[in-house]
Amino acid sequence: MTLHDNAYAAFMLDYAAGALPPAERLAADLHATLSAEGRRSLSVLEAIGGRMLEAQDPVEVASRGAASLEDVPGRSAASSVCPGEVQGLKNRLLSSDLTSLSWKRGWFGVGSLPVGLPNARLLRLDPRQRAPQHGHHRRDVTVVIQGSFADEFGVYERGDLAFAEPGMKHEPRAVGHTPCICLIATERWSGWTSALQPFLPAGLYSSPGAVGR
């Protein structure tokens, strides 16, 4: 994706501004670390933001910033998880052998694993494995950590972001000879993913360091 894509540009702009909730911030951190395009996009947006701040009155900027923070969705959740915690989780995800973790299998054998952050988890498709077609009620953000997958909208490789908008339906399938492992940042599960929830104790959603410890 590039900054010419509206959903991607808006997502990365929120990331550069520090306005993403923790789960999406983790997805953006992984994207910026694993993807050259992500690093370029972040650099461009930070430079633009810096110039805009320099051109505005400091009092006006401070007033507008305080007001806008009150309108950020998920602000209370974001404020309870510091950036250092998200950064540490990102480092553990990238330094761990994710394929050897204790994956829980749901419908059709799709692997799922909590990461210790609300609204975020790992999903795994083994080589040639296909997830059942499913829909989305709210936006989900997926970043590929390992391997690759394809759906009706494209092919996604390591570091790539994929956005699932409300009403969208797709049928992801693993591509290649290695497992595809992705981080999913979501507000609400729908379709086939909701069937995984009975297999996951509620406490796992908030247990810090569920991966890579």
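Per numbering that gives the first Met the number 0, the very first residue in the sequence shown carries number 0; after that it's consecutive.
Don't be surprised by glycine CBs; every beta carbon is placed ideally from N, CA and C.
{"Check": "Cα-Cα separation between residue 159 and residue 79, rounded to whole angstroms", "Outcome": "27 angstroms"}
{"Check": "Span separating the alpha-carbon of residue 218 from that of residue 118", "Outcome": "There is no way to answer for residue 218, as the model of the chain reaches only from 0 to 212."}
{"Check": "Spatially closest choice to residue 6 from 177, 165, 178, by CA coordinates", "Outcome": "165"}
{"Check": "Endpoints, the beta strand (DSSP E) within which residue 113 is located", "Outcome": "110–113"}
{"Check": "Beta-carbon proximity of residue 172 to residue 129, cut-off 8 angstroms", "Outcome": "yes"}
{"Check": "Contact check, residue 169 vs residue 150, beta carbons under 8 angstroms", "Outcome": "yes"}
{"Check": "Validate contact between the stretch 21–33 and the stretch 88–108 using beta carbons, cut 8 angstroms, 3 pairs", "Outcome": "yes"}
{"Check": "Buried versus exposed call for residue 152 [16 or more other C-beta atoms within 10 Å across all chains shown]", "Outcome": "exposed"}
{"Check": "For residue 107 and residue 85, the rounded distance between their alpha carbons", "Outcome": "31 angstroms"}
{"Check": "Collapsed DSSP secondary structure at residue 83 in the structure displayed", "Outcome": "helix"}
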